[in-house]
Amino acid sequence: MPASKSSTPAGVRSGPAAPPTSTSGQGSQPGTPTGSRSGPANPPISSPTNKMQRLSVGVKLPRPSGPGKRGEKLLVSINYFPINPSNTPEQIYKWAVEIRRLPAGQSHPPISARLIRRIIELLLQRLEYARGVYSNFTNTLWSFGPLTSGRGVSTIVTVDYYEREESGPRSGNEQILYQVRITSAALPLRTQPLVELFKDPSSNTVLEREDEYDEALNNIILRFPALHPRLTTAARGTKIFPLEFNFPDVAGAPAKRQALGGGLSAYRGYIRRIKIIQGGLVLAVNTTAGVMYNDNRASELISTWRASNQGSLPELSQFLKGVRVQGLFGSKRVKPILSVHHRDADNAKFRLDTHPKTGAVVNRDVTVKWWFYEAYGINVSPTCMVLNVGGAQRALFWPAELCMVLPGQSYKKFLALPEQTQSMIKFACRTPTQNSSLILGEGLQMLGVQQQQGSIGTIDGTPLRLRAAMLLVPGRRIPSPALKFRNKSTINSRETSSGQWSIANKLFLRAPLKCPKYMVMVLKRSREPPISNLKAFERQIKEEIEKHCGSSQPAVQVQNCNVLDWPDQDQLGWLRTVFKHCLSQGVEYCFIVPSARQWYHTIKLAGDTVGMQSTVSMRKKDGSVKASSQEVVNLILKWNMKSMGLNFGLAAPADFENIIGGNTMVLGLDIAHPPPGHMKGAPSIAGLVHSIDRSPGQFPGVLQLLNTDPGKESREVVPQAILRAMVLTALKRWFSRNKCLPTVLFMCRDGVSETQLQQVLDSELSGMKQAVREAYAGVSEPRIFILNTQKRHPTRFFKSPDDKRGSAFDKNSNPLPGLIVDEKAVSRNKDDWYAVSHKTLQGTCRPAHHVRLWDEVQLSKDDLEQLVHNLSFIFPRSVTSTGIPAPAKLADVLCHRGKELLHDVYYPEDPTQVYSIHDGWFKGQQDLHPNIRDTMYYI
1 MPASKSSTPA GVRSGPAAPP TSTSGQGSQP GTPTGSRSGP ANPPISSPTN
51 KMQRLSVGVK LPRPSGPGKR GEKLLVSINY FPINPSNTPE QIYKWAVEIR
101 RLPAGQSHPP ISARLIRRII ELLLQRLEYA RGVYSNFTNT LWSFGPLTSG
151 RGVSTIVTVD YYEREESGPR SGNEQILYQV RITSAALPLR TQPLVELFKD
201 PSSNTVLERE DEYDEALNNI ILRFPALHPR LTTAARGTKI FPLEFNFPDV
251 AGAPAKRQAL GGGLSAYRGY IRRIKIIQGG LVLAVNTTAG VMYNDNRASE
301 LISTWRASNQ GSLPELSQFL KGVRVQGLFG SKRVKPILSV HHRDADNAKF
351 RLDTHPKTGA VVNRDVTVKW WFYEAYGINV SPTCMVLNVG GAQRALFWPA
401 ELCMVLPGQS YKKFLALPEQ TQSMIKFACR TPTQNSSLIL GEGLQMLGVQ
451 QQQGSIGTID GTPLRLRAAM LLVPGRRIPS PALKFRNKST INSRETSSGQ
501 WSIANKLFLR APLKCPKYMV MVLKRSREPP ISNLKAFERQ IKEEIEKHCG
551 SSQPAVQVQN CNVLDWPDQD QLGWLRTVFK HCLSQGVEYC FIVPSARQWY
601 HTIKLAGDTV GMQSTVSMRK KDGSVKASSQ EVVNLILKWN MKSMGLNFGL
651 AAPADFENII GGNTMVLGLD IAHPPPGHMK GAPSIAGLVH SIDRSPGQFP
701 GVLQLLNTDP GKESREVVPQ AILRAMVLTA LKRWFSRNKC LPTVLFMCRD
751 GVSETQLQQV LDSELSGMKQ AVREAYAGVS EPRIFILNTQ KRHPTRFFKS
801 PDDKRGSAFD KNSNPLPGLI VDEKAVSRNK DDWYAVSHKT LQGTCRPAHH
851 VRLWDEVQLS KDDLEQLVHN LSFIFPRSVT STGIPAPAKL ADVLCHRGKE
901 LLHDVYYPED PTQVYSIHDG WFKGQQDLHP NIRDTMYYI
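Using full-length UniProt numbering, the first residue of the sequence shown is number 1, and each one after it goes up by one.
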């Protein structure tokens, strides 16, 4: 068809030069840290720039320190499968790939990542590359033999392009040719070290070029799923999903797909990765879930979307943008959807010069319906919606009923409907027994594992062999900490060991010095009936405050502000005015009951910028609000912390004094990135939280925006200058409260992947050092410890078949809090361990992966593991432990608040809008009102 800043007070000095000598094995002198840098300990620095540059040179991650010894010993199964590389050829060759469109010399559009992937697929289907050649499907090939005639010589291959859904290469004017240039990229990798590692996994031999081996092996096992016609991959090939209901066909396996509504479906797939660990070479396999578009006619997809959404045409266009469809006419070409036309097939028109069949001059506007009848004899429904599958300048219109949505297309935006999220969670969560069964059956088949004899199998298309039985690794279960409350009341270790405890009849460790005046505010829709149990809710708030703080007062009544109708326009300005009036009446805290979840970000933005603390409790569908004692106490936990109280703390000997000693500031740091569908150039958010005295509990935060230049990409690194300013703010707060500075900085960094650890350490250690040297002015600088913790990894632990007692597992066979695995399953070149510190409420437990990044405290492994475990029990807004240390979790919560404050930038109505920091959006810490800036307003 035709185309139509923060400063430190002058004269600040620290307290004691060093904390008292500890008997816990960590040493008392700053000395040489575990993980060191080359050169003098204190090189001369003439400027902040030179200082940062020098600090970032030669920083090394600590080497493995060996396993700990404390705790009950046990064996656990892990979803790792040992790999035998003995049959691999002697060398693995690496090749760089360059692709360009032919004919050369002409102007061609950039080649997208999807096209590059397809071009390499077609290359690997050629006879000469069909065996022993592999790829990352981006820019690299791997092979077991040479692909060129010698070093410095390139091999050039011409690829005749066609889509996977098309029957073969195109002909005539539609033919598309690409030239692929293959060039040697590195010296070959010898496979003998891998064989030696297989024969003796306990060897302390350092595998040189380990990152290259890792890359090569993971690209080698990618070939099977990437080329299989009934599979699709996602997340750069690490996740694999089936395209058909019955593939692979495993008896008794639950459905691989479930409708979510709104044109979307949940798919079960598998995440896989080859890892080089202390136990040898292994393949990690775990279940995963993804969301994809329904693969049916586009007209049906649109109808399903409209049945669940009340969105506008632009919102429908955004939902469909980029979805690839195949025309059910003519040569059945494949095109991505650009937008939805505002008119139907009987009214959408374009200019036509000549008749599509006869070639006769037409020279007039014709409808899409007319054209498809004249060109193909297809009588399109006059009310059929029309899709633009061309470009903004050169439109190409196809009727939605003649477009088939191709299978396996990931939906990369957020789920708009609460019921979709609930269905997704229910679909994805399975018990350990169910998951292990799926991994051993369906999962291994989907990865191309073919069992040949007993439990030994091969990975299709590779010379790698695999033992199809999960690896057994040693573990330990360490005790959980005791918690303290007011009047020397405690909850002992046995009571916290399940990861959940009761605070009934417990007074908070510290109540607010002055109980803030509070009110209950109902925000409702016009003509909506009142909250049916509002008085009971108000009474329960007063009772819970009195029960846990010792005294209370009734809620304040502010005329014309306790029950309000949500306006249709300028909600932010209106709510700011309301909050300012309430503040003028002495109210400092609002318990807010809104009728709609989508009002939440406006409530928080208004409150945070005018200085009104608030806690939100949603109105229920039956017109009531949650008002039971257990439900309201969760609100009071937040109320006390936001009012500078302290709910509970670590009891000796679990506290910091007994492990590190001295004045220790505990910090948490995280970064949140813009979600899919954000404004172009939307910034990332860095969140730093920190303790303010010797007993970690109160953690005020610092929010900063990153990458505010639209031309820069998001990175999982806080720039040195920004982190310097954030840490200086934390040190200033500590000094203001304690009149001295801390002697230890214990940083919990959240969410850094293994491939970015060195990069993050180089930059962020430098930022911390810069802040320290500026604040301490060379006097008794603190010792710094940096821990990375993350849960985005495929490792899972299962109850060993030989474990008869099961004392470390719950009734669902999930590990209980305190499980530590720090040998055999861990890295050969980093000091890391896996830990479970939380109660698993549903699904299969996901352990945290901890890595010691920098250690000037020189903690023993046992002390470090216990300390990190204990920190998971002081998350202040809950009576449960957390899966990662509370400071890291709080930093994540702070970043989430930042996303709410940038809601209209992260979730805009028009994603084509370009973000500018000068446009009035939330700008970070400076936009927070001084009344709440130094509190835990964000929880």
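Here a beta-carbon is modelled for each residue, glycine too, at the ideal position from N, C-alpha and C. The structure displayed is predicted, hence computed values, not measured ones.
Does the distance from the CB of residue i to the CB of residue j come in under 8 Å?
i, j, result
"Gln925", "Leu703", "yes"
"Val405", "Asn296", "yes"
"Lys861", "Gly66", "yes"
"Pro146", "Tyr93", "yes"
"Ile692", "Pro683", "no"
"Val389", "Leu534", "no"
"Arg852", "Pro62", "yes"
"Gly818", "Ile478", "yes"
"Pro474", "Lys73", "yes"
"Ala651", "Ala886", "no"
"Pro675", "Tyr906", "yes"
"Ile932", "Trp854", "no"
"Ile784", "Glu856", "yes"
"Gln540", "Ala627", "yes"
"Leu123", "Val159", "yes"
"Ile685", "Lys413", "no"
"Phe239", "Ile271", "Before going further, note that residue 239 is Lys rather than Phe in the sequence given. The answer is yes: Cβ separation under 8 Å."
"Thr609", "Lys638", "no"
Mapping the DSSP letters down to three states, classify residue i as helix, strand or coil.
i, result
"Cys515", "coil"
"Ile545", "helix"
"Met726", "helix"
"Ala400", "helix"
"Val522", "strand"
"Lys861", "helix"
"Asn84", "strand"
"Asn640", "helix"
"Gly920", "coil"
"Cys590", "strand"
"Asp750", "strand"
"Asp934", "coil"
Using the beta-carbon count (16 or more within 10 Å), is residue i buried or exposed?
i, result
"Ser525", "Strictly speaking, residue 525 in this sequence is Arg, with Ser absent from that position. By the neighbour-count rule (16 or more Cβ atoms within 10 Å), Arg525 is not buried but exposed."
"Asp622", "exposed"
"Tyr293", "buried"
"Pro815", "buried"
"Ser46", "Residue placement at Ser46 cannot be trusted, given a pLDDT of 30 that sits under 50; the coordinates are not used to answer."
"Ser107", "exposed"
"Tyr915", "buried"
"Glu865", "buried"
From this set, the options, which residue's C-alpha is nearest residue i's C-alpha?
i, options, result
"Thr602", "Pro336, Ser628, Gln585 and Gln569", "Gln569"
"Ala888", "Val868, Tyr907 and Ser780", "Val868"
"Leu141", "Leu281, Thr304, Asp160 and Ile116", "Ile116"
"Lys275", "Glu754, Leu177 and Arg126", "Glu754"
"Lys517", "Lys542, Ser497 and Leu123", "Lys542"
"Ile545", "Glu856, Ser532 and Gln630", "Gln630"
"Asn560", "Met521, Glu528 and Gly586", "Met521"
"Leu890", "Ile784, His918, Gln770 and Asp670", "Asp670"
"Gly649", "Asp211, Arg877 and Lys899", "Arg877"
"Met470", "Arg619, Ser455 and Ser77", "Ser77"
"Val821", "Ile277, Gln571 and Asp460", "Ile277"
"residue 940", "Ala235, Arg476 and Tyr161", "No information on residue 940 is available, as it lies outside the stretch 1 to 939 that the chain covers here."
"Ser813", "Arg430, Arg101, Arg897 and Thr496", "Arg430"
Would you grab the beta carbon distance between residue i and residue j for me? Rounded to a whole angstrom, and I think it's under 8 Å.
i, j, result
"Ala298", "Ala400", "4 Å"
"Leu688", "Leu667", "6 Å"
"Ala366", "Val386", "According to the sequence shown, residue 366 is Val rather than Ala. Actually they are not in contact, since the Cβ atoms of Val366 and Val386 sit about 13 Å apart, beyond 8 Å."
"Asn79", "Arg796", "5 Å"
"Ala96", "Thr183", "5 Å"
"residue 940", "Tyr134", "The first residue shown for the chain is 1 and the last is 939, placing residue 940 beyond what the model contains."
Within 8 Å of any Cβ in chain D, is that where the Cβ of residue i sits?
i, result
"Asn87", "Chain labels in this structure do not include chain D; a single protein chain is all it has."
For the ligand ADP, any of its heavy atoms closer than 7 Å to the Cβ of residue i?
i, result
"Gly461", "Among the components of this structure there are no ligands whatsoever, and the ligand ADP is therefore not found."
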